[in-house]
Amino acid sequence: MYSYNDFDEAFVRERVAQFSAQVERRIDGSLTEDEFKPLRLMNGLYLQLHAYMLRVAVPYGTLSAPQMRQLAYIADTWDKGYGHFTTRQNIQYNWPELKDVPAMLSALADVGMHAIQTSGNTIRNVTADQFAGAAADEIEDPRPVAELLRQWSTDHPEFQFLPRKFKIAVTGSSTDRAVTKAHDIGLRMVRNDAGEPGFEVIIGGGLGRTPMVGKIVRDFLPKADLLPYCEAIVSVYNVLGRRDNKYKARIKITVHENGLDVMRDKIEAAFAEKKAQFDGVDQEMLAEIEQHFAAPAFKTADTSGYEAARLANPAFRSWTDTNLAAHRADGYSIVSISIKKHGATPGDATSDQMGVMADLAEKYGHGELRISHEQNVILPHVHQSDLHAVYSALRAADLATANIGLISDIIACPGMDYCALATARSIPVAQEIAERFDELKLEHEVGPLKIKISGCINACGHHHVGHIGILGLDRAGVESYQITLGGSGMEDATIGERAGRGFSADEIVPAIERLVLGYLDLRHDADETFLEAYRRLGAAPFKAVLYPSDAKADAA
Amino acid sequence: MSQIINDLGFVTDAQAFTFVEPDHLAANADAASVAIDLPSDASADDLAQNLSQLSAVRIDFPSFADGRGFTIAKRLRELGFTGHIRARGHVIADQYAMARRSGFDDVEISDDLAARQPQDQWLARANWQAHDYQSRLKRRA
């Protein structure tokens, strides 16, 4: 794992001092509220519905055990004893006092963390595959490159006042767990015909009120050209992106309005100039960063106890069926810890739970943890002989929900319970759906199904790429939930289609129930997932179960 | 009146450039040592052929939130411009390091803004060469 060098350390300390001074200068009137706002945002501090919110960067979703423990300490000391893991692999604290924020930032710096550029019109925290360095299907670990991008984008002098926010994601696997096609820049690590490493570069993806699947601007970018090429993309966007309308300011609109070919020409022209400014120092730094991410010393041990425990304990077996993923090392598994207990707030973990996860990482997981964009926590390297012990400890901490990838593993934005932008509640809808299907005992029967819920058109809950997406709107002061169907955030990225008219807060959970029960009737067999069935059959039969009275009217 | 700021703090305008509109270049093909004013929606590339005629370029910041000027200055440097580049308008002390790192030589702000953000707040960022990831990642000096 990356650990700060003297430069990084001095940088974050200096930044905390600068922000402390900015808070004072706001109070003494040197900075107007308008001027202070982007400065606090580029340090992760939002003003929410009820209080400030501090969004802490978990770069590319990777945490060490001491870092996780520090997050717990911060939650206990300056917040209400919990934190919220987000869809961009960050953690948010919902109740800090402005006066405490510099101390919170200092506490983060103590463990090599920060909240820099987690908001504002800047290049945001770079996200990556949460299974990086562990996945069996990986070409190369994307985290060293993500760390290089973090350093390059941090405090980049040209790009602190962009037209709008700018998000970059990297995946090192052909299975796209980083939603690269829904980012301003998506990077897929590939190899060319000669076997050299590089990237397929995607630009202009994004969700929000105008969802777009990103477009490939370069089929193969040699690995060494990454920084000058990214710098070219962002500099073209900085002058070309619209500043007259914030809803048309993202690069997806710039690409849409100017056309991909014009963008490509401008980017390639800028790249030719930028490339000359890099003489290979960045690649030397990358080589050094790569050493930080060397694989841990994997052990070998007898796994017969694991098999025996699976046979003996159905609850453990169920958990291993849903919450494990294939690891590249023999005898190892990737453990996903569900932060989606039925009826709880998706992504919320208490400080005690954070402490338990940190301890488990230290004892059984080579000290590593990850945050996924699906708002769960990952122990990327656990030997199968330790799985039962891990499971037992998780169970004792109320963290052993066996639902990864299932209907109750819902992404939900904070919604109207916290967010100043929200037009409807998201969390209660997620809670009710999870509880309902738990009650029906149908979750495992239904199988892989991604429900994603956003409480407003800005789509923080990624509803456009949910197999079932739910968008909460305000219709004349009343919450109304629109359903979209058939979305995907994976390598086959697809924007879901709107099913029809919205449902009230009372109707939405029964509507989802009809939809899912309808799928069970419609599917070819138990192996055909919801998404596969939808793609085979199209929207019509699903709309018929969602709107039964319309179907009757048609028949009459 | 306005205030010029560089690494020494609040200074008087030693060069005393006389800034003119960019179309002056078109009307005076042989002009030399011209100082021009550039709006924030201008393209640096449009000046590529005229760089040798220019002594200074003053780039407008209509709002501190409009970050185009940083890329315009950077682009001028990439095109090989070695003359003076000044940022004028709504630039705040917190942006001084960004401006210097992007290729600006100094900043020109209103007297009102200079009163609200006095010299010490700008000098606090005069160490713009320190703590700079960019200079670590690019060419060796």
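Chains A and B supply the protein sequences, listed in that same order.
Numbering follows numbering that gives the first Met the number 0, in which position 498 of the first sequence is assigned residue number 497; successive positions increment by one, without gaps.
Numbering follows numbering that gives the first Met the number 0, in which position 81 of the second sequence is assigned residue number 80; successive positions increment by one, without gaps.
A virtual CB, placed ideally from N, CA and C, is assigned to each residue, including glycine.
Just to confirm the assignment, what range does the beta strand (DSSP E) spanning residue i have?
i: valine 200 of chain A; result: 196–202
i: serine 54 of chain B; result: 53–60
i: threonine 349 of chain A; result: 347–349
i: lysine 214 of chain A; result: 214–221
i: leucine 75 of chain B; result: Segment 67–77 is the alpha helix (DSSP H) holding leucine 75 of chain B; no beta strand (DSSP E) there.
i: threonine 61 of chain A; result: 61–63
i: phenylalanine 9 of chain B; result: 8–10
i: aspartate 5 of chain A; result: That residue, aspartate 5 of chain A, is in no beta strand (DSSP E); its alpha helix (DSSP H) goes 5–26.
i: asparagine 89 of chain A; result: Where asparagine 89 of chain A is concerned, there is no enclosing beta strand (DSSP E), given that its DSSP letter is neither H nor E.
i: arginine 369 of chain A; result: 367–370
i: glutamine 2 of chain B; result: 1–5
Under 8 Å between the Cβ atoms of residue i and residue j?
i: alanine 433 of chain A; j: glycine 342 of chain A; result: yes
i: glutamate 107 of chain B; j: isoleucine 35 of chain B; result: no
i: phenylalanine 130 of chain A; j: arginine 190 of chain A; result: no
i: alanine 145 of chain A; j: proline 58 of chain A; result: yes
i: alanine 269 of chain A; j: alanine 231 of chain A; result: yes
i: tyrosine 228 of chain A; j: valine 254 of chain A; result: no
i: lysine 339 of chain A; j: aspartate 264 of chain A; result: no
i: alanine 596 of chain A; j: glutamine 47 of chain A; result: Absent from the model: residue 596 of chain A. The displayed extent of chain A is 0 to 555, so no value can be given.
i: alanine 193 of chain A; j: isoleucine 115 of chain A; result: no
i: serine 503 of chain A; j: valine 477 of chain A; result: yes
i: leucine 112 of chain B; j: phenylalanine 80 of chain B; result: no
i: isoleucine 403 of chain A; j: serine 337 of chain A; result: yes
i: glycine 495 of chain A; j: histidine 83 of chain A; result: no
i: methionine 262 of chain A; j: valine 235 of chain A; result: yes
i: leucine 75 of chain B; j: valine 56 of chain B; result: yes
i: valine 445 of chain A; j: isoleucine 406 of chain A; result: yes
i: tryptophan 121 of chain B; j: alanine 92 of chain B; result: yes
Just the chain A side, please: which residues come within less than 7 Å of residue i by C-beta, in chain order?
i: histidine 130 of chain B; result: Ala9, Phe10, Glu13
i: aspartate 6 of chain B; result: Within chain A, no residue comes near aspartate 6 of chain B; the closest Cβ sits about 15 Å away, beyond 7 Å.
i: glutamine 118 of chain B; result: Within chain A, no residue comes near glutamine 118 of chain B; the closest Cβ sits about 12 Å away, beyond 7 Å.
i: alanine 64 of chain B; result: Pro37, Phe160
i: methionine 97 of chain B; result: Pro156, Gln159
i: glutamate 77 of chain B; result: Glu272
Who are residue i's beta bridge partners in DSSP?
i: glutamate 326 of chain A; result: According to the sequence shown, residue 326 of chain A is histidine rather than glutamate. DSSP lists A/Ala134 as partners of histidine 326 of chain A.
i: alanine 168 of chain A; result: A/Thr126, A/Gly185
i: threonine 451 of chain A; result: What sits at residue 451 of chain A in the sequence shown is lysine, not threonine. DSSP, once it has assigned bridges, lists A/Ile410, A/Gly468 as partnering lysine 451 of chain A.
i: leucine 484 of chain A; result: A/Ile467, A/Glu496
i: serine 564 of chain A; result: It is not possible to answer for residue 564 of chain A, since the shown part of chain A is limited to 0 through 555.
i: glycine 205 of chain A; result: A/Met211
i: tyrosine 51 of chain A; result: A/Leu46
i: glycine 88 of chain B; result: B/Phe60
i: alanine 343 of chain A; result: In the DSSP output, where bridge partners are listed per residue, alanine 343 of chain A has none listed.
i: valine 238 of chain A; result: Per DSSP, none; premise fails for valine 238 of chain A.
So which residues on chain B does residue i lean against when the C-beta distance must stay under 9 Å?
i: arginine 263 of chain A; result: The premise fails here: arginine 263 of chain A is roughly 17 Å from chain B at the closest Cβ pair, so nothing lies under 9 Å.
i: phenylalanine 6 of chain A; result: His130, Tyr132, Arg135
i: arginine 24 of chain A; result: Ala92, Asp93, Gln116, Gln120
i: glycine 119 of chain A; result: Within chain B, no residue comes near glycine 119 of chain A; the closest Cβ sits about 10 Å away, beyond 9 Å.
i: glutamine 21 of chain A; result: Asp93
How far does the alpha helix (DSSP H) with residue i in it reach, from first residue to last?
i: glutamine 120 of chain B; result: 118–122
i: alanine 308 of chain A; result: 303–311
i: glycine 517 of chain A; result: 507–521
i: glutamate 256 of chain A; result: 250–257
i: aspartate 22 of chain B; result: 22–26
i: valine 428 of chain A; result: 426–439
i: valine 280 of chain A; result: 280–291
i: glutamate 442 of chain A; result: 442–445
Anything in chain B within Cβ reach of residue i, meaning under 7 Å, just list it in chain order.
i: aspartate 154 of chain A; result: Tyr132
i: leucine 472 of chain A; result: What leucine 472 of chain A touches in chain B: nothing, since even the nearest Cβ is about 29 Å away.
i: glutamine 150 of chain A; result: Tyr132, Leu136
i: glutamate 34 of chain A; result: Phe63, Ile91
i: glutamate 157 of chain A; result: Phe69, Thr70, Lys73, Ser101
In chain B, which residues lie less than 8 Å from residue i when you measure between Cβ atoms?
i: glutamine 290 of chain A; result: Simply none; closest approach about 17 Å.
i: glycine 28 of chain A; result: Arg115
Contact criterion: CB-CB distance below 8 Å. Does residue i meet it with respect to chain E?
i: glutamine 116 of chain A; result: Within the model displayed, chain E is absent; protein chains A and B are what it includes.
Find the residues of chain A that neighbour residue i, judging by a C-beta separation of less than 9 Å, and give them in chain order.
i: aspartate 45 of chain B; result: Within 9 Å Cβ-Cβ: nothing; aspartate 45 of chain B doesn't reach chain A, min ~12 Å.
Show which residues of chain A have a CB atom less than 8 Å away from the CB atom of residue i.
i: isoleucine 71 of chain B; result: Val238
i: alanine 125 of chain B; result: None at all; the shortest Cβ gap to chain A is about 13 Å.
Self-check item: Under 8 Å (Cβ pairs) to chain B, residues found in the region 98–113 of chain A
Solution: none
Quiz item: Going along the chain, which residues of the region 263–288 of chain A sit with their C-beta nearer than 7 Å to a C-beta in chain B?
Solution: Glu272, Gln276, Phe277, Asp278, Val280, Asp281, Met284
Quiz item: At a Cβ cut of 8 Å, what residues of the region 226–251 of chain A count as close to chain B, listed as they run along the chain?
Solution: Leu226, Ser234, Asn237, Val238, Arg242
Quiz prompt | Positions along the region 101–113 of chain B whose CB lies within less than 7 Å of some CB in chain A | solution = Ser101
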